[in-house]
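Numbering (numbering that gives the first Met the number 0), first residue to last: 0 to 246. The block underneath contains the structure these notes are about, expressed in structure tokens.
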Amino acid sequence: MEEKISQGRYFAMLYQRSDLAAQQHALYAKDPNSVYIAVDGPANSNGDDPALAGDSISGWTVTLISKDVKDKERAIQFLTYMISEEGQMDLYMGKEGETYDMVNGKPEFKPEVLDLLNKDRAAFDQQYGASFKYWMLMDTNMSLAWAPPASEPFKQMEDWTKGKTVSYAEFDGISPTGTSAEGVAASKIAQEWGKTLPKLLLAKSDKEFDQVFEGFLKKRDSFGYEKVEKYQQEIYEKNKEKLDAAK
0 MEEKISQGRY FAMLYQRSDL AAQQHALYAK DPNSVYIAVD GPANSNGDDP
50 ALAGDSISGW TVTLISKDVK DKERAIQFLT YMISEEGQMD LYMGKEGETY
100 DMVNGKPEFK PEVLDLLNKD RAAFDQQYGA SFKYWMLMDT NMSLAWAPPA
150 SEPFKQMEDW TKGKTVSYAE FDGISPTGTS AEGVAASKIA QEWGKTLPKL
200 LLAKSDKEFD QVFEGFLKKR DSFGYEKVEK YQQEIYEKNK EKLDAAK
């Protein structure tokens with residue numbers, strides 16, 4: 000897949016821009032006009048503007064301190080530093096004087112460091128380990144204050160996202176999982192939907208489409224959709240309470 004992206008062989012992709020950085024560089028080096036650009040996808044029947052999901056309230060990555068660590072207090076101190084503004088700037092900018100200098104009170108990557116970041120991300124990660132090399136340990140919102148201006152071939156993709164973020168946090172984690180009654184029901188429904196969707200897309204008439212969809216709805220109910228709905232509503236209400244309390 001990476002090879003095909005770097006050769007520009009995909010006409011269109013539903014893909015995250017951060018995961019095709021190296022391929023974009025390769026395309027840009029050959030021909031600046033051959034890079035991938037972000038475009039509005041197919042709209043719904045109302046013609047609503049594109050929307051991107053904002054931050055989650057359920058988290059994503061988890062940083063742990065092992066119970067077997069030799070010096071627990073030191074480990075806690077390190078993590079406390081790491082999530083502080085000082086620690087986050089060190090993770091993102093690197094070491095002052097080596098990867099960045101302070102200019103008018105703001106950290107700026109040295110020219111040669113920034114040049115490598117914009118031209119060869121893999122080499123940058125290996126040589127400096129700054130920017131988003133350790134994104135899983137970072138507060139990426141905090142790092143916006145130190146980030147250099149976007150440059151091509153990524154500026155267009157980044158600019159396209161601005162103004163499109165919408166919060167869907169109240170729907171975080173509402174899908175039941177595991178071996179609970181609602182989890183089993185949700186799994187069966189998801190599997191059935193996976194079989195049904197291709198049939199809907201390939202239906203030769205509205206009548207055939209309606210028949211296939213009606214069949215799915217009946218199976219969904221028989222699998223225990225009512226239990227799934229109840230679970231989802233309960234989690235949704237809890238999420239709403241958390242969000243309202245944070246206002």
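Cβ coordinates follow ideal geometry from the N, Cα and C atoms, glycine included. In this text, all values refer to a predicted model and were calculated from it rather than measured experimentally.
- Collapsing the DSSP output to three states places Tyr99 in a strand.
- Within the segment 98 to 166, the complete alpha helix (DSSP H) segments at least 4 residues long are 110 to 118, 120 to 126, 154 to 160, listed from N- to C-terminus.
- Counted as a single uninterrupted DSSP element, the alpha helix (DSSP H) harbouring Lys226 occupies residues 224 to 244.
- By the neighbour-count criterion, in which a residue is buried when 16 or more other Cβ atoms sit within 10 angstroms of its Cβ, Tyr133 is exposed.
- Relative to the Cα of Ala50, the nearest Cα in the group Tyr167, Asp70, Ser57 belongs to Tyr167.
- Put simply, the backbone Cα of Lys94 is about 18 Å away from that of Leu78.
- Only residues of its own chain outside the window of five on either side were considered, and among them Gln231, Ile234, Tyr235 have a CB closer than 7 Å to the CB of Ile173, listed in chain order.
- Contact between the segment 123 to 141 and the segment 93 to 112 is present, with at least three C-beta pairs closer than 8 Å.
- Cβ-Cβ separation between Ala184 and Val227: approximately 5 Å, consistent with a contact (criterion under 8 Å).
- Between the segment 217 to 225 and the segment 186 to 204 there are three or more inter-stretch CB-CB distances shorter than 8 Å, so the stretches are counted as touching.
- Contact between the segment 114 to 123 and the segment 20 to 34 is present: 3 or more CB-CB pairs across the two stretches fall below 8 Å.
- The C-alpha of Leu136 lies about 16 Å from the C-alpha of Ala146.
- Below 8 Å, too few C-beta pairs join the segment 195 to 209 and the segment 81 to 88 to call them touching: fewer than three.
- Taking a 10 Å sphere around the C-beta of Met12, we find fewer than 16 other C-beta atoms and assign the residue as exposed.
- Excluding five sequence positions before and after Ala122, the CB atoms of its chain that fall closer than 7 Å to its own CB belong to Leu115, given in chain order.
- The DSSP-derived three-state label of Leu13 is coil.
- For Lys194, the closest of Ser204, Ala42, Leu216 by C-alpha to C-alpha distance is Leu216.
- Non-local beta-carbon contacts of Pro106 in its own chain, meaning distances under 7 Å to residues more than five positions away in sequence, involve Met88, Met92, Tyr99, Trp145 in chain order.
- Runs of the alpha helix (DSSP H) lying entirely within the segment 158 to 222 and spanning at least 4 residues, in chain order: 180 to 200, 205 to 222.
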